[in-house]
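In this note's numbering, the protein residues as written are 60 to 238.
Ideal Cβ placement from N, Cα and C applies to all residues, glycine included.
On a predicted model such as this, the values are computed, not experimentally measured, just so you know.
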């Protein structure tokens with residue numbers, strides 16, 4: 060994968076497609092182990108009553124629905140401790156949304172930067188790039204797709220074909236450039 064660092068776009072696209080299935084598989088397995096097994100195990104041990112850690116994010120027709128349903132503990136925390144306080148302080152909904160994504164983006168970058176021993180801001184930028192995707196997919200969902208499966212296909216295409224593999228390629232390119 061040395062061509063990734065040299066910006067050979069066609070070969071990088073090939074690598075992106077080659078990584079789509081394995082990276083999505085790893086992401087789904089990690090999701091299952093963490094959200095279904097680990098969180099339910101801790102909930103059982105601590106007798107925590109609320110066992111709703113996610114909703115049916117795999118059926119979402121827009122990115123806004125995905126971000127509201129895939130990780131409910133984090134979503135509820137950010138809504139309660141960042142979004143609503145900003146609205147009460149007089150911030151606009153757009154400002155509150157961008158701030159919530161900036162906080163989330165910071166922690167996503169932190170979760171990747173620490174194990175990789177490098178701060179490149181790819182995770183931060185990817186999270187902030189979700190903001191325009193949310194508005195685009197919401198608009199398409201209401202006008203063109205009308206909450207049909209077409210929006211869900213678009214979500215999976217962007218998420219599986221471009222999102223996850225692109226993150227792997229970007230961090231791999233940085234890692235190989237350091238070696």
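Would you grab the beta carbon distance between residue i and residue j for me? Rounded to a whole angstrom, and I think it's under 8 Å.
i: residue 143; j: residue 167; result: 22 Å between Cβ atoms; not a contact.
i: residue 206; j: residue 197; result: The Cβ separation is near 11 Å, so there is no contact.
i: residue 74; j: residue 228; result: 6 Å
Cβ of residue i within 7 Å of Cβ of residue j?
i: residue 114; j: residue 97; result: no
i: residue 159; j: residue 141; result: yes
i: residue 109; j: residue 179; result: no
i: residue 131; j: residue 112; result: yes
i: residue 219; j: residue 79; result: yes
i: residue 187; j: residue 163; result: no
i: residue 86; j: residue 189; result: no
Please state whether DSSP places residue i in a helix, a strand or coil.
i: residue 176; result: coil
i: residue 203; result: coil
i: residue 148; result: coil
i: residue 235; result: helix
i: residue 99; result: helix
i: residue 115; result: coil
i: residue 120; result: coil
Would you kindly work out how many angstroms separate the C-alpha atoms of residue i and residue j, rounded to a whole number?
i: residue 211; j: residue 194; result: 15 Å
i: residue 134; j: residue 116; result: 13 Å
i: residue 83; j: residue 154; result: 31 Å
What do you get for residue i, buried or exposed, if any count of 16 or more other CB atoms within 10 angstroms of its CB means buried?
i: residue 122; result: buried
i: residue 37; result: Shown here, the chain extends from 60 to 238; a query on residue 37 therefore has no answer.
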